[in-house]
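Protein chains in written order, with our numbering: chain A, 7 to 260; chain R, 7 to 260; chain Y, 6 to 321; chain V, 12 to 277; chain X, 12 to 277. No residue lacks a Cβ here, since even glycine has one placed at the ideal position from N, Cα and C.
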Amino acid sequence: MDLLRKIGVPVAAILIFLGFWEFLVWVNGWPNYVMASPSDLPDAYIRFWNLFLTGSWQTLWRTVAGLGIAVVAGTLVGMVMGFSRIARDGLYPLLVGFNAVPKATLVPVLALLFIGQHNFNTVLMAFLISFFPIAVSVGIGLSTLEPEYRDILRSLGASRFTIFRKIALPKTLPEFFGALKVSVTLAFIGTNLVEIISPHGKGLGALFLSGQTNSNYPLMFAVLIALAVLGILLYYAVVALERIFAGWAERPQG
Amino acid sequence: MDLLRKIGVPVAAILIFLGFWEFLVWVNGWPNYVMASPSDLPDAYIRFWNLFLTGSWQTLWRTVAGLGIAVVAGTLVGMVMGFSRIARDGLYPLLVGFNAVPKATLVPVLALLFIGQHNFNTVLMAFLISFFPIAVSVGIGLSTLEPEYRDILRSLGASRFTIFRKIALPKTLPEFFGALKVSVTLAFIGTNLVEIISPHGKGLGALFLSGQTNSNYPLMFAVLIALAVLGILLYYAVVALERIFAGWAERPQG
Amino acid sequence: SAQTSMPFALDWKFEGPAAPYFLAVDSGLFSDAGLEVEISEGKGSLDAIPKVATGAFPVGFADINSLMRFLDQNPGAPVTAIMMIYDKPPFAVVGRKSLGVETAKDLEGKVLGAPPPDGAWAQFPIFAAENGLDMEQITVEPVGFPTREPMLAEGQVAAVTGFSFSSTLNLKRLGVPEDDLSVILMADNGVDLYGNAIIVNTDFAAENAEAVTGFLTAIAAGWRAAIVDPDAAIEALIERNPAADADLEKERLQMAIDDNVLTDFVAENGLGGIDADRMASAIEQTATVYEFTSEPDAALYFDDSYLPAADSRMLK
Amino acid sequence: MANLIEIKGVTHAYKTPNGPLPVLDGLEIAVPEGEFAAVVGPSGCGKSTLTRLIAGLMKPDRGEVWLHGRLVKSPRKTVGMAFQNPVMLEWRTILQNVILPLEIVAPSMPRKDRIARAEELLALVGLGGFEDKRPSELSGGMRQRASLCRAIVHKPDVLIMDEPFGALDAFTREDLWQTMHELRAKEPFTAVLITHDLRESVYLGDQVFVLSGRPATTQYVLDVTYPGDGMRRLEGLYTPEAAAMLATLREQIQIAQGRHPGPAVH
Amino acid sequence: MANLIEIKGVTHAYKTPNGPLPVLDGLEIAVPEGEFAAVVGPSGCGKSTLTRLIAGLMKPDRGEVWLHGRLVKSPRKTVGMAFQNPVMLEWRTILQNVILPLEIVAPSMPRKDRIARAEELLALVGLGGFEDKRPSELSGGMRQRASLCRAIVHKPDVLIMDEPFGALDAFTREDLWQTMHELRAKEPFTAVLITHDLRESVYLGDQVFVLSGRPATTQYVLDVTYPGDGMRRLEGLYTPEAAAMLATLREQIQIAQGRHPGPAVH
Ligand SMILES: Nc1ncnc2c1ncn2[C@@H]1O[C@H](COP(=O)(O)OP(=O)(O)OP(=O)(O)O)[C@@H](O)[C@H]1O
Ligand SMILES: Nc1ncnc2c1ncn2[C@@H]1O[C@H](COP(=O)(O)OP(=O)(O)OP(=O)(O)O)[C@@H](O)[C@H]1O
Ligand SMILES: [Mg+2]
Ligand SMILES: [Mg+2]
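Take a look at the structure:
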């Protein structure tokens, strides 16, 4: 029953979505170049399966690397913002300003600054685009921590960092994981922006470009779906971590 | 003193950032086409100030419109996910998958589906890209609501929606506003993606393109900074709302 | 022997017209000249030019008209063109006969789809002036690159601006019959502009004059070989872009050769040189659509001193 | 008079990772309309669980809870509940916290009347002047008093109080006992009071139910016959009759805790 | 014996939007090493505030707090604190909650020893078998007992308890009083106990400090001379000596609440 729900429900949701998509395309009679339908995609996967595999791997590891850095850096920035009002007042506008700049326009700048460092560029972009939600959530978790909780450790003379590690972080883990879910998707976007805008022939982005060059619309859609699947995979990895570390937080909704 | 901190700190932070940027460019001797320096920008603003004003306005209203829809839709989706485990299990993977798809690649699809509906397209993209953090934060706020809080109203036979409105939403407002800050930046990116990828001659994106066509790098950087400024403005609007509605949540960090 | 490293920045993706360079790599033309050449794809001329200007790539491939603007905006940037490849630029208006567009004049009263950052669209005012078009009567619909051809295929616009070999083939792919297409090359309709050229970082060239000349020699030889055996060229390309459709890219290459590279002038004088009068006229035409911040000077944009002897640049 | 609250053979166990934890076992409680039932029992025996069952916040594994002659399946608007842990909504002032139930139960009541009602109750429990404070600015005992106001602000028929005076000093507590009696005279309600103060149970209760240790059963029911002329007075607690009742209860609780009842040292 | 805890002329006011709220006004308290100071006073008078000042969680506006002959400027590792609101960390089991202070104060203590210590204390307060439960699976009184374990697990020199038995029934409470005495004999500590149960203050305290209403001053200090042969026994509470002390305290509290002290009805 529980397993059925855990696996069955997402699978059913995805199938319903695919069915709906197929139906929409069919009903509107959209040609491939407007929107390919799910039934067009298996062809693309069969023809290029090895490219999909290598591309996915290349995209995935860069994304995960960027995300990993984002988690560490985001947590640090969030801590600084959470503990100090001044840091919060000063950093927030800068971070928001930076994040409001479309990253697509920054890719060429990065590519010129670190010419040829494709891996570095890609990981950097995945990091830059995905650390903000984490920083925000950690910062908020800290600045809204109820004094009752903080005082448990403060009364023992614990350092701010200890309070963060033992109380604030665990207490905000649910929100932290929520931010991580957002960041996962952003990191993928970052990786792909670089792969598409400053192409270096690697990853799913390269496959997308090649589909574009050839006006192979089903291939392009197939790449997008592959990206979505990678995103979902990484999401389940996050969920697994969440179950382990923040399972306590979910409350029955009687 | 308080005013000094509220205004002085952000201003100082921004000045320090600009100074650092100017210094970096100067020390590395980067030419404009690698990275323009802040001192190059006033020229661009002076020359094109009216374009900046109209462009900013066009970008801003579309962004705010998209964001407004994102808030409403995100809250609704978040409510559904927060109240029902099944909805959560089914919707999350779909949403994550959708969000892992780079929106840049979706712009052409939208543009073809709704040909010529530039305003609609732009607002739609701003909405699509920015609703996820809100949905996630509302969903988490609901699913981790402590039963003690919920029971205050449940014991009176209040409906789920009432509990959401009177307890869950206010209680998660801090996280909600955090998500909103992330969404603000994303909405800007959405608007600009459309303005740049599927140009319709409106908004700051159009100005950026025109800088690009003419290799006017300072203009391009000036547009990016203008975007950042718009983002910061909207951020302060969010902060103002936050002060009003969630000011109680901030706890002194003794 | 110590090879000179010369990374080469293309302006665009690995498509048919890039095949000659890969052929040159694969048949050892560069390594024979003591050069180690790695080819990178790009996102348009505006991406390739700064790459060369910063010196990250000593050589690149970019539109000379974009280069003019770049040099005007960034005076003193160490970059210049040294070998013209597209003697005729691929700037074109592609229309559909079934929608009433066959000649330039037919555009009046129709809807023209144009991506604002498009290179061809940038030159459209020259084209319009040379052909006496009344811009008032043309409805210009801004479109995005990815939607340009689909919109023409859907009949939402009657014509689009674009590169001849890109737009035409994309349209064929979208199922528009070839004989319904009318490709109006701007170069055939009064526009004197040149097209893409090999560009070089001038600091690099000054120090490695011999290597640069050797590079250009190999480029010419690459084109020559590709013209003789397009299949081999495409094979070299497919290796780098595995998902590419060989037939399509071959057609694209052939169009580039026929329309843009192997012009009468090139057949006569060899690949790479320019005609000073035409260049002057091109600058003059550019000045009608672009406001130079300083006096334009042809010498800044093109330097023929690295070109190898004419006979080694003959394509036939 | 009919029994307004009837708990019939209620059995409940919490599901825990290492098997079910039986908490209530065939509990029987009946409270006639307008009466006050005090419930005492050892810590952790299931008293708070009982309040949640009466309020309809949980369903018992077996057995039935009846209110007003109707089987309780879900919470009712006519119930007021003071939780053991007096959670206040930090984003509302004390006054707004107290008003909250009115917003749900009497949405059409004019704002002015709501405020008047809440202010009246706050003054009654000694919190006049603290209406506009945030919950975090109140002491533990003050929060508990505010929580009591929140439970009765909408004049519920049934009032369930889970150790409502636990954090109060003896005198404030005695004042509030008095206040409860006065309120009951003015706005009749039927009440269930969980407490661990035996004097409180005798002073406020018409019946005192002693629960056994976990799993709790109704171990003993004491019918309170309060000494005096009808109105209950504090002095009554120091009469021999009251002392006898208290002694009985002590003994019963000692049994409930599984000890040999010692000599009633009082 | 030197005074381990010394509170000298402590005055404190909370800043609130409508001006400062004076809470403590020149408070004087001194507790010799190894002794037990009970503090009683009306609800909201400033007792919890006092505990926060002693623990160094807040600084007084005026006056000084000395611990161990050193001025308190920030919290110390040798203090144990049981808060009035026994907040437990929901992501930890009860056992892990109790161990928490050891992780801070004795990071090098072997895991096994920590667990043994925590288990021993939990058994002492009657929570054996609940080690692996989540806080939300405990009743209010059980949480309070676990919180007490958390306060003493690291053998603090100074133990501050803010109504630690408030949610417990009479017998569990009396058991824990006994436990406190035993603990004190085994692991000597100096304690401040906030309570509103006068019997508790007399049974546990060596001195009882009665605070006046807000702003609180030290209104009265009772030196407890507990009847009996040294070991305190519950029976002692029912002796005339104890009754006299209780009567005095009742009277003082009544004064603290600003009432005319009534006849000592007991
Ligand atoms: N953080 C705060 N901000 C403002 N006022 C506060 C704050 N904490 C407490 N107060 C006020 O200080 C006074 C004393 O509070 P305190 O918690 O010390 O009382 P107490 O003696 O512990 O009462 P109780 O017995 O009810 O727990 C109260 O009137 C309360 O309203
Ligand atoms: N949500 C829960 N999940 C699992 N077990 C629970 C839960 N709530 C309570 N329990 C267990 O049920 C038993 C009874 O709890 P309850 O809160 O009803 O006790 P109580 O009589 O109110 O005690 P106290 O006087 O200490 O408040 C306790 O042993 C407790 O551990
Ligand atoms: Mg309870
Ligand atoms: Mg207190």
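**OP:** Give a single yes or no on whether A/Gly136 has its beta carbon closer than 8 Å to a heavy atom of ligand 2.
**Re:** Position 130 of the first sequence, counted from the first residue, corresponds to residue 136 of chain A. The question names Gly, but residue 136 of chain A is Ser in the sequence shown. No - ligand 2 has no heavy atom lying nearer than 8 Å to the Cβ of A/Ser136.
Subject >> Below 6 Å from a heavy atom of ligand 3 - residues by beta-carbon >> reply: V/Lys58, V/Ser59, V/Gln95, V/Asp173, X/Ser150 and X/Gly151
Original post:
Among Y/Leu76, Y/Ala249, Y/Ile69 and Y/Ala24, which has the Cα closest to the Cα of A/Ser216?
Top reply: Indexing the first sequence from 1 puts residue 216 of chain A at position 210. Ranked by Cα distance from A/Ser216, the options Y/Leu76, Y/Ala249, Y/Ile69 and Y/Ala24 are led by Y/Ala249.
Subject >> Members of the segment 8-24 of chain R near chain A, C-beta cut-off 8 Å >> reply: Arg11, Lys12, Val15, Pro16, Ala18, Ala19, Ile20 and Phe23
Subject >> Given 8 Å, three or more beta-carbon pairs between the segment 204-211 of chain R and the segment 151-159 of chain R >> reply: no
Original post:
Under the three-state reduction of DSSP, which class applies to X/His277: helix, strand or coil?
Top reply: For the purposes of this step, residue 277 of chain X is identified with residue 266 of the fifth sequence, where counting begins at 1. Here the model assigns X/His277 a pLDDT of 44, short of 50, so the residue's position is not dependable, and the following value carries that caveat. Three-state result, X/His277: coil.
Original post:
Sorted by chain position, which residues of the same chain lie with C-beta nearer than 7 Å to X/Arg145's C-beta, five sequence neighbours on each side aside?
Top reply: Your numbering for residue 145 of chain X matches position 134 in the fifth sequence. Glu101 and Thr104.
Subject >> Contact under 9 Å by Cβ, Y/Asn70 with Y/Ala285 >> reply: Numbered from 1 along the third sequence, position 65 holds the residue referred to as residue 70 of chain Y. Numbered from 1 along the third sequence, position 280 holds the residue referred to as residue 285 of chain Y. The answer is no: Cβ separation not under 9 Å.
Subject >> Whole beta strand (DSSP E) elements within the segment 196-225 of chain X, 3-residue minimum >> reply: Qualifying beta strand (DSSP E) stretches, in chain order: 201-205 and 218-222.
**OP:** With X/Glu17 as the anchor, note down where its beta strand (DSSP E) starts and where it stops.
**Re:** The sequence position of residue 17 of chain X within the fifth sequence is 6, counting from 1. Looking at the DSSP string, the run of the beta strand (DSSP E) that includes X/Glu17 is Asn14 to Thr27.
Original post:
Taking Cβ-Cβ distances shorter than 8 Å, what residues in chain V pair up with R/Ile173?
Top reply: The sequence position of residue 173 of chain R within the second sequence is 167, counting from 1. What R/Ile173 touches in chain V: Leu100.
**OP:** Note down, in chain order, every chain R residue with its Cβ under 7 Å from the Cβ of A/Gly209.
**Re:** Here residue 209 of chain A refers to the residue found at position 203 when the first sequence is read from its first residue. Result: empty, since nearest Cβ-Cβ is about 12 Å, beyond 7 Å.
**OP:** Report yes if the C-beta of X/Met153 is less than 8 Å from at least one heavy atom of ligand 6; otherwise report no.
**Re:** Among the ligands in the structure shown, ligand 6 does not appear; only ligand 1, ligand 2, ligand 3 and ligand 4 can be found there.
Original post:
What residues from chain R crowd round Y/Ser71, counting only those whose CB sits closer than 9 Å?
Top reply: Here residue 71 of chain Y corresponds to residue number 66 of the third sequence, with the count starting at 1. Those are Thr219 and Ser221, listed as they occur along chain R.
Subject >> Bounding residues of the alpha helix (DSSP H) (the contiguous stretch that carries V/Thr236) >> reply: As a position in the fourth sequence, residue 236 of chain V is number 225, starting the count at 1. That residue, V/Thr236, is in no alpha helix (DSSP H); it is neither H nor E in DSSP.
**OP:** Classify Y/Asn206 as helix, strand or coil using the three-state DSSP reduction.
**Re:** Reading the third sequence from its first residue, position 201 is the one you call residue 206 of chain Y. Strand at Y/Asn206.
Original post:
Which residue or residues does DSSP assign as beta-bridge partners of V/Leu170?
Top reply: Within the fourth sequence, residue 170 of chain V is the residue found at index 159, counting from 1. In the DSSP output, where bridge partners are listed per residue, V/Leu170 has V/Gly91 and V/Ala202.
**OP:** Please classify Y/Trp358: is it buried, with 16 or more other beta-carbons within 10 angstroms of its beta-carbon, or exposed?
**Re:** Chain Y is shown only over 6 to 321; residue 358 of chain Y falls outside these bounds and no answer can be derived.
Subject >> Neighbour-count burial assignment, V/Arg87, 16 or more Cβ in a 10 Å radius >> reply: The residue labelled residue 87 of chain V in the question sits at position 76 within the fourth sequence. With 16 or more Cβ atoms within 10 Å of its Cβ, V/Arg87 is classed as buried.
Original post:
Where does V/Lys26 land, buried or exposed, given buried means 16+ other C-beta within 10 angstroms?
Top reply: Counting from 1 along the fourth sequence, the entry for residue 26 of chain V is found at position 15. So V/Lys26 counts as exposed.
Subject >> chain A contacts made by the segment 238-256 of chain Y, where a contact means CB separation under 9 Å >> reply: Here the close residues are Arg245, Asn246, Pro247, Ala248, Ala249, Asp250, Leu253 and Glu254.
Original post:
Quick one: does the C-beta of X/Asp180 sit closer than 8 Å to a heavy atom of ligand 2?
Top reply: Mapped onto the fifth sequence, residue 180 of chain X falls at position 169. True, at least one ligand heavy atom lies under 8 Å from that Cβ.
**OP:** Below 8 Å between beta carbons is the criterion; list the residues of the segment 145-168 of chain Y that meet it against any residue of chain R, in chain order.
**Re:** Of all residues in the segment 145-168 of chain Y, Glu146, Pro147, Val148, Gly149, Phe150, Pro151, Thr152, Pro155, Met156, Glu159 and Gln161 have a Cβ within less than 8 Å of some Cβ in chain R.
Original post:
Is the segment 78-87 of chain R touching the segment 165-180 of chain A, taking contact as three or more C-beta pairs under 8 Å?
Top reply: With a cut-off of 8 Å, the segment 165-180 of chain A and the segment 78-87 of chain R do not count as touching, because too few Cβ pairs lie within range.
**OP:** Taking C-beta pairs closer than 9 Å, name the residues in chain X that A/Glu154 reaches, listed in chain order.
**Re:** Indexing the first sequence from 1 puts residue 154 of chain A at position 148. Ordered by position in chain X, the residues that pass the 9 Å Cβ test against A/Glu154 are Phe94, Asn96 and Val98.
Original post:
Looking at the C-beta of R/Ala164, does it have a partner C-beta in chain V at a distance below 9 Å?
Top reply: What you label residue 164 of chain R is simply residue 158 of the second sequence in a count that begins at 1. Interface residue, yes.
Original post:
Smallest Cα separation from A/Ile238: which of A/Asn220, A/Ala76 and A/Val190?
Top reply: Locating residue 238 of chain A in the first sequence gives position 232, where the first residue counts as 1. Considering only alpha carbons, the answer is A/Val190.
Subject >> Distance, X/Ala41 Cα to X/Gln263 Cα >> reply: By 1-based counting over the fifth sequence, the position of residue 263 of chain X is 252. By 1-based counting over the fifth sequence, the position of residue 41 of chain X is 30. C-alpha separation (whole angstroms): 19 Å.
Subject >> Cβ neighbours of V/Ala253 in the same chain (closer than 7 Å, five flanking residues each side left out) >> reply: The residue given as residue 253 of chain V occupies position 242 in the fourth sequence. Excluding positions up to five away in sequence, the list reads Val213, Pro238 and Gly247.
Original post:
Within 8 Å: the Cβ of X/Glu148 and any heavy atom of ligand 2?
Top reply: Along the fifth sequence, one-based indexing puts residue 148 of chain X at 137. Yes.
**OP:** Would you please verify whether the beta carbon of A/Arg68 is less than 9 Å from any beta carbon of chain R?
**Re:** Start at 1 with the first residue of the first sequence, and residue 68 of chain A comes out as number 62. No, its Cβ sits nowhere closer than 9 Å to a Cβ of chain R.
**OP:** Below 8 Å on the Cβ atoms is my guess for R/Ala79 versus R/Phe133; work out the distance and round it to an integer in Å.
**Re:** What you label residue 79 of chain R is simply residue 73 of the second sequence in a count that begins at 1. What you label residue 133 of chain R is simply residue 127 of the second sequence in a count that begins at 1. The pair is a contact, with the Cβ atoms about 7 Å apart (cut-off 8 Å).
Original post:
Hey, would you say the C-beta of X/Ile115 is under 8 Å away from at least one heavy atom of ligand 1?
Top reply: Position 104 of the fifth sequence holds residue 115 of chain X. It does not: the Cβ of X/Ile115 is nowhere closer than 8 Å to a heavy atom of ligand 1.
Original post:
Are any of the Cβ atoms in chain Y nearer than 9 Å to that of A/Gly122?
Top reply: To locate residue 122 of chain A, count along the first sequence from 1; it is residue 116. Yes, A/Gly122 counts as interfacial toward chain Y.
Original post:
Is it a yes or a no for the segment 59-73 of chain X touching the segment 114-132 of chain A, going by three-plus beta-carbon pairs under 8 Å?
Top reply: No: the two stretches stay apart, fewer than three of their Cβ pairs being nearer than 8 Å.
**OP:** Give the straight-line distance between the Cα atoms of A/Pro108 and R/Leu73, rounded to the nearest whole angstrom.
**Re:** Along the first sequence, one-based indexing puts residue 108 of chain A at 102. Along the second sequence, one-based indexing puts residue 73 of chain R at 67. Cα to Cα, the separation comes out at about 16 Å.
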